[in-house]
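Visitor: Just dropping this structure here.
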Amino acid sequence: MTIKEIAKKALNHFKNRGYVFTPDEYQEIFCKYAKQYGVIVEDCNKVSYFLSKLDSKYKAIAKNYNIKNLDELVVFLINYLNREDVSKEKENIEQLFIYTKRALDVIAVLPIVKSKKIAMKHLDFIKPYMEKEEWEKLRSEWIEFLDGFDASIVRRGAAIAGVRSEDALEVIEALIKIVEEGPDLSHLVDSIIYTLTPSYAPFMDDEIAALKRQLKEDSSIILTPAFAEDLRILTNKRIKLDKEELKRKLKDLDQIAERLSIKILRVLQKTGDSSQEIKDIRVELQNWRHEGEDFESIKEKLLRIAISLDKELDEFQEEMRKEDEEIESLKAKIRMLEKKVKKLSQEVKTDFLTNIANKKAVMEELNRQESSYKRYGTNYSLVFFDIDHFKNINDTYGHDAGDVVLKSLGLLFRRYARDVDLIGRFGGEEFVAILPNTNKEGAYKFAEKLRNIVQKAKFMYKNTRIPVTVSAGVASREEVNSKEELLKKADERLYLAKRSGRNKVCADDECK
1 MTIKEIAKKA LNHFKNRGYV FTPDEYQEIF CKYAKQYGVI VEDCNKVSYF LSKLDSKYKA
61 IAKNYNIKNL DELVVFLINY LNREDVSKEK ENIEQLFIYT KRALDVIAVL PIVKSKKIAM
121 KHLDFIKPYM EKEEWEKLRS EWIEFLDGFD ASIVRRGAAI AGVRSEDALE VIEALIKIVE
181 EGPDLSHLVD SIIYTLTPSY APFMDDEIAA LKRQLKEDSS IILTPAFAED LRILTNKRIK
241 LDKEELKRKL KDLDQIAERL SIKILRVLQK TGDSSQEIKD IRVELQNWRH EGEDFESIKE
301 KLLRIAISLD KELDEFQEEM RKEDEEIESL KAKIRMLEKK VKKLSQEVKT DFLTNIANKK
361 AVMEELNRQE SSYKRYGTNY SLVFFDIDHF KNINDTYGHD AGDVVLKSLG LLFRRYARDV
421 DLIGRFGGEE FVAILPNTNK EGAYKFAEKL RNIVQKAKFM YKNTRIPVTV SAGVASREEV
481 NSKEELLKKA DERLYLAKRS GRNKVCADDE CK
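First residue of the sequence shown? That's 1 in full-length UniProt numbering, and the numbers climb one at a time after it.
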């Protein structure tokens, strides 16, 4: 779909409705169709472009206003600029500074040595209107303190003291009270006896009864080494009896469990989903509570599950066959859509990432300049730019960071080029500039200016500055015999610049 066809479609939109449109209304419908057919028109993206230039504060506010055109953007900016009060901001900063000092005063008297030292240090250091780096240094010290601070000690102390509180002072007072009064261990007697009682094996009646009687008479023996040894011996005996009894009872279930595991494995190998019956079985197992059930009832449940799985297996196979047919149909549709997308992408002349001309558009412009040169003798020049050590940027900061660098370079190149110049992405990290009616000296000055701008620019990704430089090769049409030789000459001088140490512009066969 071309620009002309989209314009015609927009006109028909109003014509079919018998509606006399305004220029703004026409632009809205035109941009809507351009977006629908994947055609990028710079005038349709002006609002989003200017919004991206706003300070983060205004970006956040603007998101809530659904700004559609430049008039609405101007009204929005006027309204919020009129609201700015510099004196009030200064007063707020001063109040915030005073508040910070008072907060540090409070922290400096708290009985936590590390936070006290940081607070006292910052009280001596902090001052109004500090630089951003100074604030970040102070903030990092608090972050390091919080990273190393473990507040769980208060919760552990509260658990020991038997209180529900996150207040350290309350917990300390409760712990002091326990130490002063001494622990009451009588409430532990029944719990200790309960832990020693076997779950499945016959009770150890004589030993447990004797221990309980002893503890009731004097619960303080819980704190003696002799009691700890007796408790360990009785616990080991209980565990041993329970294991022996469980081993006898579980022997009958081994065979059923083995059959059940085989059937479940067969289902899992044939499908990644489950039927409603298997879902019901899974819910039953998740909600299964065996209190009050004996081993025979458990055995019956496992048998029913095994029978249900056997019944469902055949139904799974039929369902999977149907799903495989649907998947193949979807794959065919996807392949068809991929072909359409590929065809459309070949027709588009704007690079999707940098929003500047792509290689196809660059070659078309080169052909136009070549025709003008042959017909009228109008000279033109060409510059190849390449990002230095771009692979290192991707490896160090990630490919998303690399994309940000490419997009930012596209914006820089477009900003400093003339209206008649064409800046395009030639592929990967390589850009090209076609400069009409420009000799080699003028092209060299243009390339050197951009090289210097890139070197000084701040490329940021996730609050990290990425150092970026470019190398460039310059060639003029009048010094070669064809546009093919022009491309080759500029490319050779680009790689000469790289071999000469990078971050350079070469316009001759010997780089300066």
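Backbone N, C-alpha and C define an ideal beta-carbon position, used for all residues, glycine too.
Remember, it's a predicted structure, so these values are computed and weren't measured experimentally.
What does the alpha-carbon distance come out to for the pair Ile434 and Ser482?
Guide: Cα-Cα distance, rounded: 15 Å.
Visitor: Apply the 10 Å Cβ neighbour rule to Asp167 and answer buried if 16 or more other Cβ atoms are within range, or exposed otherwise.
Guide: So Asp167 counts as exposed.
Visitor: May I ask you to report which of helix, strand or coil DSSP gives Ile67?
Guide: Three-state DSSP puts Ile67 in coil, outside helix and strand.
Visitor: Check whether the Cβ atoms of Ile193 and Lys212 lie closer than 9 Å to each other.
Guide: Against a cut-off of 9 Å, the Cβ pair of Lys212 and Ile193 comes out as a contact.
Visitor: Per DSSP, which one or two residues make a beta bridge with Phe431?
Guide: Paired residue(s): Phe385 and Arg425.
Visitor: Taking just the CA atoms, how far does Val404 sit from Ile466?
Guide: If you take the alpha carbons of Ile466 and Val404, they lie about 10 Å apart.
Visitor: My understanding is that Gly410 touches Thr354, with C-beta atoms under 8 Å, so please give their C-beta distance in whole angstroms.
Guide: Right, the Cβ-Cβ distance comes to about 3 Å (below 8 Å), so this counts as a contact.
Visitor: Going by DSSP, what residue range makes up the alpha helix (DSSP H) through Val113?
Guide: Val113 to Phe125 is the span of the alpha helix (DSSP H), which, as asked, contains Val113.
Visitor: Is the region 500-510 in contact with the region 437-450, if contact means three or more CB pairs nearer than 8 Å?
Guide: Contact between the region 500-510 and the region 437-450 is present, because at least three Cβ pairs lie under 8 Å.
Visitor: So, at 8 Å on beta carbons, what are the nonlocal neighbours of Asn379 in its own chain, with the 5 sequence-adjacent residues on each side left out?
Guide: Taken in chain order, the residues that qualify are Tyr373, Asn437, Thr438, Asn439, Ser476, Arg477 and Glu478.
Visitor: Alpha carbons only, please: which of Gly38, Asn16 and Val20 is nearest the one belonging to Met1?
Guide: Checked all of Gly38, Asn16 and Val20; the closest Cα to Met1 is Gly38.
Visitor: Taking Cβ to Cβ, would you say Phe76 is nearer than 9 Å to Ala62?
Guide: Yes. Within cutoff.
Visitor: With a CB to CB cut of under 6 Å and the five nearest residues on each side skipped, what residues in its chain are close to Val106?
Guide: Same-chain partners within the cutoff: there are none.
Visitor: Closest to Gly424 by C-alpha separation, out of Asn358, Tyr416 and Gly148, would be which residue?
Guide: For the residues Asn358, Tyr416 and Gly148, the minimum Cα distance to Gly424 belongs to Asn358.
Visitor: Please classify Gln369: is it buried, with 16 or more other beta-carbons within 10 angstroms of its beta-carbon, or exposed?
Guide: Looking at its Cβ environment, which holds 16 or more other Cβ atoms inside 10 Å, Gln369 is buried.
Visitor: From this set, Ile118, Leu246, Tyr416 and Val362, which residue's C-alpha is nearest Leu104's C-alpha?
Guide: When only C-alpha atoms are compared, the closest one is Ile118.
Visitor: Ignore the nearest five residues each way along the sequence and tell me which others in Arg335's own chain have a CB closer than 8 Å to its CB.
Guide: Answer for Arg335: no residue qualifies.
Visitor: Looking only at its own chain, which residues have a Cβ that is under 6 Å from the Cβ of Glu492, when we skip the five neighbours before and after it?
Guide: So the list is empty, once near-sequence residues are dropped.
Visitor: Classify Arg418 as helix, strand or coil using the three-state DSSP reduction.
Guide: It is coil, neither helix nor strand.
Visitor: Pick from Val383, Asp400 and Leu422: whose alpha carbon is nearest that of Lys391?
Guide: Of the candidates Val383, Asp400 and Leu422, the one whose C-alpha sits nearest the C-alpha of Lys391 is Asp400.
Visitor: Grab the span of the alpha helix (DSSP H) containing Gly501 for me, first residue to last.
Guide: First-last for Gly501: undefined, no H or E at that position.
Visitor: Can you name, in chain order, every residue of its own chain whose Cβ lies under 6 Å from the Cβ of Ala158, other than the five neighbours on each side?
Guide: Hits under 6 Å: Ser165 and Val171.
Visitor: Can you tell me the Cβ-Cβ gap for Val468 and Val480, rounded? I've got them flagged as a contact below 8 Å.
Guide: Incorrect: roughly 30 Å between the Cβ atoms, too far for contact.
Visitor: Taking the alpha-carbon of Ala499 as reference, which of Lys407, Ser471 and Lys132 has the nearest alpha-carbon?
Guide: Here residue 499 is Arg; the residue named in the question, Ala, does not match the sequence. For the residues Lys407, Ser471 and Lys132, the minimum Cα distance to Arg499 belongs to Ser471.
Visitor: What's the C-alpha gap between Glu419 and Leu412?
Guide: Per the sequence presented here, residue 419 reads as Asp, with Glu not at that position. Each residue's alpha carbon lies about 14 Å from the other.
Visitor: When the distance is taken between beta carbons, is Leu51 closer than 9 Å to Ile40?
Guide: No, the pair does not count as a contact, with Cβ atoms beyond the cut-off.
Visitor: For the alpha helix (DSSP H) that contains Ala62, what are its first and last residues?
Guide: Per DSSP, Ala62 belongs to the alpha helix (DSSP H) from Ser56 to Ala62.
Visitor: Could you say which of Arg238, Asn236, Asp205 and Ser191 lies nearest to Leu215 if we only look at CA atoms?
Guide: That would be Ser191, whose Cα lies nearest to the Cα of Leu215.
Visitor: Going by alpha carbons, who is nearest to Tyr26 out of Arg248, Leu11 and Val474?
Guide: Residue Leu11 is the option with its Cα nearest to Tyr26.
Visitor: Please state whether DSSP places Pro198 in a helix, a strand or coil.
Guide: The answer is coil: DSSP assigns Pro198 none of H, G, I, E or B.
Visitor: Inspect the beta-carbon positions of Glu141 and His122 and report whether they are closer than 9 Å.
Guide: For Glu141 and His122, yes; Cβs fall inside 9 Å.
Visitor: Strictly by DSSP, which residues pair up with Pro436?
Guide: Pro436 is bridged to Tyr380.
Visitor: Among all the DSSP beta bridges, which residues are the ones paired with Gly18?
Guide: Answer by DSSP bridge pairing: none, since Gly18 is not bridged.
Visitor: Can you list, in chain order, the residues of its chain whose CB lies under 7 Å from that of Leu54, leaving out five sequence neighbours each side?
Guide: Closer than 7 Å at Cβ, skipping near neighbours: Ala62.
Visitor: Is Asp150 buried or exposed, if buried means 16 or more other CB atoms sit within 10 Å of its CB?
Guide: Result: exposed.
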